[in-house]
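Residue numbers (this note's numbering): 377 to 431.
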């Protein structure tokens, strides 16, 4: 697995956990959304860094 695959899997797992806790009423939609956005931003910046490394 590449680092990107690992990030993607980690993001999916956090998303699944977040949706599960949201379904149980443990997490507010705003917290869940913030977490998703945070993961996306982190993954995107990592992707940009690795792309720049190849350039």
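Don't be surprised by glycine CBs; every beta carbon is placed ideally from N, CA and C. The structure displayed is predicted, hence computed values, not measured ones.
Verify the CB distance criterion: does residue i have a CB-CB separation below 8 angstroms to chain B?
i, result
"residue 417", "As a matter of chain content, chain B is missing from the structure shown, which is built from one protein chain."
Could you check where the alpha helix (DSSP H) with residue i kicks off and where it finishes?
i, result
"residue 395", "379-399"
By the three-class DSSP mapping on this structure, what secondary structure does residue i have?
i, result
"residue 418", "helix"
"residue 404", "coil"
Among the options, which one has its Cα closest to the Cα of residue i?
i, options, result
"residue 381", "428, 409, 422", "422"
"residue 413", "385, 379, 378, 391", "391"
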